[in-house]
Amino acid sequence: MALTDQTRIGRIPIRHLSPRQPEDRWPAAAFAGDVIPFEATVFREGHDALGASLLLTDPDGRTTVHRMHQLEPAGLDRWSVEAQVDRPGTWRWRIRAYSDDWATWLHNAEIKIQAGIDVELMFRIGAGLVRRLGRSKVAREALAALEDTAGDPMARLERVHEPKLLALIAANPLASLVTESEELELRVDRTRAAVGSWYEFFPRSIGAKQRKDGSWKSGTFRTAAKRLPEVAAMGFDVLYLPPIHPIGRSFRKGPNNTLLAGPNDPGSPWAIGAAEGGHDAIHPDLGTEADFAYFLAQAKRNGLEVALDLAFQCSPDHPWVAEHPEWFTTLPDGSIAYAENPPKKYQDIYPLNFDNDWDGLTQELLRVVRHWIDLGVKIFRVDNPHTKPLRFWEWLLAEVRATNPEVVFLAEAFTRPAMMQSLAQVGYHQSYSYFTWRNTKQELAEYLHEISKETSGWFRPNFFVNTPDILTEYLQFGGRPAYEIRALLAATGSPSWGVYSGYELFEDVARPGSEENIDNEKYEYKPRDFAAAEAAGRSLAPFLTRLNRIRAEHPALRQLRNLDVHWSDDDAILVYSKYLAAPFTGTGRADGIIVVVNLDPHSVRETTVHLDPSRFGITPGQEFGVTDLLTGESYTWNVDDYVRLDAFRNPAHILRIDYPEGRS
């Protein structure tokens with residue numbers, strides 16, 4: 001048996017390629033516009049110099065070559081290059097490594113010739129390498145110098161450092177022992193799969209009015225459409241709607257999740273299904289399919305995409321309960337099991353059982369998804385995906401991708417790491433995250449590093465600051481500063497972030513013993529007077545607008561993998577930067593942002609921050625200008641800088657790095 005049949009390693013070992021998914025079951029994920037650090041470990045026996053390149057093939061089969069550089073420390077043999085993928089589709093990539101014959105010769109020649117060792121032998125070896133460059137004028141001149149035995153050895157050696165010769169060699173590496181890695185796939189989605197500013201509202205609350213007898217007239221798609229320009233004006237580009245389907249009446253929950261609902265209580269939208277229909281129906285109070293189409297059209301007119309909640313669960317009144325009892329779990333007493341997460345009970349919801357009729361149930365759920373896609377929905381926020389089999393999501397997401405690759409799925413998966421990460425790995429485009437409960441400097445620093453460096457090959461976080469179910473203690477007791485701090489962290493820390501309606505009004509009163517708002521909108525109508533609050537200066541809307549404008553103007557903030565955490569001497573001051581080199585910004589100039597946040601919403605903090613400027617394209621020790629995008633003030637900064645942040649007036653800096661003209 002030949003040696004090549006017995007080995008799995010190439011002549012030059014190429015290992016530990018990145019990005020890739022653990023186990024290589026599914027391809028790594030990226031998005032159109034994503035700037036990706038491709039990396040590999042490349043090494044060989046002995047001391048000869050090496051070179052490496054990325055070979056990146058786009059969906060049309062065109063391959064580009066990107067020269068890699070060795071990361072520090074050099075002894076780890078880690079090579080890297082950043083490349084941008086510019087459109088959706090399946091990309092392929094591999095690493096090419098080679099013995100860099102010119103670099104090896106030059107290193108040896110500079111040592112030996114200066115020491116007078118094997119002088120002419122070294123020049124003969126160098127001349128042989130130059131002949132491989134062809135007969136260009138630059139090559140002929142270099143060859144003549146190397147072969148000029150009457151000339152001064154050091155002068156002859158100096159000729160090989162001429163810029164034109166070095167450029168020729170850079171374009172045509174003098175390589176041998178060329179080895180290529182295995183080829184890997186990269187799944188590239190449309191930009192919205194990873195980048196977006198989300199806003200959630202309940203359409204039934206927009207325009208809802210209470211009658212004199214205590215009953216309510218529900219808001220509709222038509223009344224909710226009037227709110228769309230205001231959402232768009234704040235800079236949001238995705239509008240998320242909770243379920244819009246008929247709501248069950250059996251065991252309907254009343255205000256604040258009480259077990260007894262009155263005749264005027266609308267029930268939870270997540271208790272899906274009634275006599276009027278199930279998952280493919282629209283609640284009659286909201287309107288018709290024509291009204292929904294009007295709402296979608298108005299959203300598009302305002303630059304908004306609509307994300308629809310996909311909640312695969314049923315109320316006891318759902319048509320499926322009578323038509324397909326096998327799709328649920330029947331208990332020994334003959335009743336159907338309702339949803340529980342002890343001690344929480346959801347008597348108004350029946351979870352689905354996939355194991356009695358896998359094919360029948362999964363095909364029906366796929367039909368439901370395709371129904372809404374056909375009506376114009378291209379984004380789904382999926383409720384509790386971690387309570388469904390992972391195998392189901394792998395199948396459904398692949399089926400939808402095959403026919404509608406533009407459709408985006410967000411996983412509402414506040415769950416254990418194995419399930420959360422696996423949902424992303426099988427195809428979810430983005431996910432809710434642990435950001436909601438990361439409040440301290442150490443917690444946030446570790447989590448920002450994790451999502452940008454460790455899991456960014458497949459997991460894309462959406463930093464929602466609140467939901468109808470989540471009002472953290474930090475927000476309950478932190479006042480306006482806490483709301484500003486969390487919004488700023490979310491908007492600058494992740495390419496996707498979101499708020500639930502009411503956040504801009506500082507709704508911070510929790511239901512006793514709970515982490516959710518009192519008078520929760522899940523169980524009642526909640527019309528709000530946003531205009532009056534803003535006119536009175538009691539609205540965060542102007543601040544949210546500014547954050548979204550900053551995101552729109554700075555492409556570095558719309559990347560995930562480029563975040564670096566820096567240091568400060570204060571346990572409440574978090575510092576991080578985001579940087580995008582000039583070739584990737586589309587503006588011809590580098591884009592760098594430094595974020596400094598006082599995480600304590602109750603105090604004034606002052607400290608020294610310590611930066612690694614090499615992480616954002618500045619030579620350490622060199623002074624550089626920064627401008628605060630929140631206040632407009634400018635400063636001159638260096639490696640170590642003093643900051644004073646007043647939580648009540650200005651809890652953070654968002655600093656634009658003012659690169660000198662021509663800096664790339």
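Per the UniProt record's numbering: the sequence shown ends with 664, consecutive numbering throughout.
All C-beta atoms, glycine included, are put in the ideal place defined by N, C-alpha and C.
Practice task
Leaving aside the five residues before and after Ala193 along the sequence, list all residues of the same chain whose C-beta is less than 6 Å from its C-beta, in chain order.
Solution key: Stepping through the sequence shown from its first residue, residue 193 is reached at position 193. Cβ within range, chain order: Phe31, Val408, His429.
Handout entry: Per DSSP, cross-strand counterpart(s) of Ala170
Key = Locating residue 170 in the sequence shown gives position 170, where the first residue counts as 1. Looking at the DSSP assignment, Ala170 forms no beta bridge with any residue, so it has no partner.
Handout entry: Sheet register partners of Phe380 (DSSP bridge)
Key = Here the question's residue 380 lines up with position 380 in the sequence shown. Per DSSP, the beta-bridge partners of Phe380 are Leu308, Phe409.
Practice task
Pick out whichever of Gly75, Leu146, Leu310, Ile169 has its Cα sitting closest to the Cα of His47.
Solution key: Position 47 of the sequence shown holds residue 47. Residue Gly75 is the option with its Cα nearest to His47.
Exercise for the section: Have a look at Val604, Ser496, Pro583 and flag the residue whose alpha-carbon is nearest the alpha-carbon of Gly617. Expected result: Translated into the one-based positions of the sequence shown, residue 617 becomes position 617. Minimum Cα-Cα distance from Gly617 among the listed residues Val604, Ser496, Pro583 corresponds to Pro583.
Handout entry: Enclosing beta strand (DSSP E) for Glu82 [first to last residue]
Key = The count along the sequence shown starts at 1 and reaches residue 82 at position 82. Here the beta strand (DSSP E) through Glu82 covers 78-84.
Exercise for the section: For the beta strand (DSSP E) containing Leu194, list its first residue and its last residue. Expected result: As a working mapping, residue 194 is identified with position 194 in the sequence shown. At residue 194 the sequence reads Ala, which differs from the Leu that was named. Here Ala194 belongs to no beta strand (DSSP E), and DSSP marks it neither H nor E.
Exercise for the section: Identify the continuous alpha helix (DSSP H) that holds Arg401 and give its terminal residues. Expected result: The residue you call residue 401 lines up with position 401 of the sequence shown. Counting along the chain, the alpha helix (DSSP H) containing Arg401 begins and ends at 390-403.
Handout entry: Trp358: first and last residue of the uninterrupted beta strand (DSSP E) it sits in
Key = Counted from its first residue, the sequence shown places residue 358 at position 358. No beta strand (DSSP E) contains Trp358, which is instead part of the alpha helix (DSSP H) from 358-374.
Handout entry: Bridge partners - Asp508, DSSP secondary structure assignment
Key = In the sequence shown, the residue the question calls residue 508 occupies position 508. In DSSP, Asp508 forms no bridge with anything.
Practice task
Leaving out five residues on either side along the sequence, give the residues of the same chain with a beta carbon under 8 Å from the beta carbon of Gly262.
Solution key: Working through the sequence shown from its first residue, we reach residue 262 at position 262. Within the same chain, Gly262 has close Cβ partners Gly254.
Handout entry: C-beta contact flag for Glu633 and Phe543 at 8 Å
Key = Numbered from its first residue, the sequence shown carries residue 633 at position 633. Numbered from its first residue, the sequence shown carries residue 543 at position 543. The Cβ-Cβ distance between Glu633 and Phe543 does not fall below 8 Å.
Handout entry: Sub-8 Å separation of Tyr350 and Val321 beta-carbons
Key = Taking the sequence shown and counting its residues from 1, the one referred to as residue 350 is at position 350. Taking the sequence shown and counting its residues from 1, the one referred to as residue 321 is at position 321. It is a contact, given that the beta carbons lie within the stated cut-off.
Practice task
Please state whether DSSP places Lys453 in a helix, a strand or coil.
Solution key: As a working mapping, residue 453 is identified with position 453 in the sequence shown. In the displayed model, Lys453 falls within a helix according to three-state DSSP.
Problem - Residue span of the alpha helix (DSSP H) that contains Phe624, given as start and end - result: For this step, residue 624 is matched to residue 624 along the sequence shown. Taken as a continuous stretch (DSSP letters only), Phe624 belongs to no alpha helix (DSSP H), being part of the beta strand (DSSP E) at 624-628.
Problem - Euclidean distance between Cα positions of Arg615 and Gly625 - result: By 1-based counting over the sequence shown, the position of residue 615 is 615. By 1-based counting over the sequence shown, the position of residue 625 is 625. Each residue's alpha carbon lies about 16 Å from the other.
Exercise for the section: Can you check DSSP and say which residues form a bridge with His610? Expected result: What you label residue 610 is simply residue 610 of the sequence shown in a count that begins at 1. Answer is Trp567, Asp640, bridged to His610.
Practice task
Could you have a look at Gly75 and say whether DSSP puts it in helix, strand or coil?
Solution key: Taking the first residue of the sequence shown as position 1, residue 75 is located at position 75. Note: Gly75 maps to helix in three-state DSSP.
Problem - CB contact flag (Ala29, Gly457, <8 Å) - result: One-based indexing of the sequence shown puts residue 29 at position 29. One-based indexing of the sequence shown puts residue 457 at position 457. Less than 8 Å separates the beta-carbon of Ala29 from that of Gly457.
Problem - Range of the contiguous alpha helix (DSSP H) that encloses Thr104 - result: Numbered from 1 along the sequence shown, position 104 holds the residue referred to as residue 104. Taken as a continuous stretch (DSSP letters only), the alpha helix (DSSP H) holding Thr104 covers 101-115.
Handout entry: Cα-Cα separation between Arg416 and Asn384, rounded to whole angstroms
Key = The count along the sequence shown starts at 1 and reaches residue 416 at position 416. The count along the sequence shown starts at 1 and reaches residue 384 at position 384. Their Cα atoms are separated by approximately 12 Å.
Practice task
Give the secondary structure of Thr329 by DSSP, where H, G and I count as helix, E and B as strand, and everything else as coil.
Solution key: Along the sequence shown, read from residue 1 onward, the residue named residue 329 stands at position 329. Correct three-state label for Thr329: coil.
Practice task
Starting from Ala175, trace the beta strand (DSSP E) both ways and give me its first and last residue.
Solution key: Locating residue 175 in the sequence shown gives position 175, where the first residue counts as 1. According to the DSSP assignment, Ala175 belongs to the beta strand (DSSP E) that extends over 175-180.
Practice task
Give a yes or no on whether the C-beta atoms belonging to Ile593 and Leu557 are separated by under 8 Å.
Solution key: Locating residue 593 in the sequence shown gives position 593, where the first residue counts as 1. Locating residue 557 in the sequence shown gives position 557, where the first residue counts as 1. By the CB criterion at 8 Å, Ile593 and Leu557 fall inside the cutoff.
Handout entry: Bridge-paired residues (DSSP) for Pro351
Key = The sequence position of residue 351 within the sequence shown is 351, counting from 1. Gln313.
Problem - Same chain only: Cβ atoms within 6 Å of Pro88, ignoring 5 sequence neighbours per side - result: As a first step, residue 88 must be located in the sequence shown, where it is residue number 88. Ala32, Val188, Asp189, Arg190, listed in sequence order.
Handout entry: Pair within 8 Å by beta-carbon distance, Leu304 and Val231
Key = Numbered from 1 along the sequence shown, position 304 holds the residue referred to as residue 304. Numbered from 1 along the sequence shown, position 231 holds the residue referred to as residue 231. With a cutoff of 8 Å on beta-carbon distance, Leu304 and Val231 are scored as near each other.
Problem - Within 8 Å, strictly: CB atoms of Pro495 and Gln559 - result: Position 495 of the sequence shown, counted from the start, is the residue given in the question as residue 495. Position 559 of the sequence shown, counted from the start, is the residue given in the question as residue 559. Yes, Cβ-Cβ distance for Pro495 and Gln559 is below 8 Å.
Handout entry: Ser603 classed as buried or exposed, judged by whether at least 16 other C-beta atoms fall within 10 angstroms
Key = Working through the sequence shown from its first residue, we reach residue 603 at position 603. Exposed.
Problem - Nonlocal neighbours in the same chain, by C-beta distance under 6 Å from Ala482, ignoring five residues either side - result: Residue 482 sits at position 482 when you count from the first residue of the sequence shown. Closer than 6 Å at the Cβ level, and outside the excluded window around Ala482, lie Tyr474, Leu475, Pro601.
Handout entry: Buried/exposed call for residue 673, threshold 16 Cβ in 10 Å
Key = A question about residue 673 goes unanswered here, because the residues of the chain that appear run from 1 up to 664.
Problem - is_contact[Glu45, chain B] using C-beta, thresh 8 Å - result: Note that chain B does not occur in the displayed structure, where there is just one protein chain.
Exercise for the section: Determine the extent of the alpha helix (DSSP H) in which residue 665 is found, giving its start and end residues. Expected result: Residue numbering for the chain in the displayed model covers 1 to 664; residue 665 lies beyond these limits and cannot be assessed.
Exercise for the section: Compute the Euclidean distance between the alpha carbons of Leu308 and Arg204, then round it to the nearest angstrom. Expected result: In the sequence shown, residue 308 corresponds to position 308, counting from 1. In the sequence shown, residue 204 corresponds to position 204, counting from 1. Leu308 and Arg204: Cα-Cα distance of roughly 14 Å.
Exercise for the section: Go to Ala274, then tell me how far its alpha helix (DSSP H) extends in each direction, as first and last residue. Expected result: What you label residue 274 is simply residue 274 of the sequence shown in a count that begins at 1. Going by DSSP, Ala274 is part of no alpha helix (DSSP H) at all; its letter is neither H nor E.
Handout entry: From Thr387, Gly376, Pro342, Asn341, residue whose alpha carbon lies closest to that of Asn353
Key = Translated into the one-based positions of the sequence shown, residue 353 becomes position 353. Of the listed residues, the one whose Cα sits closest to Asn353 is Thr387.
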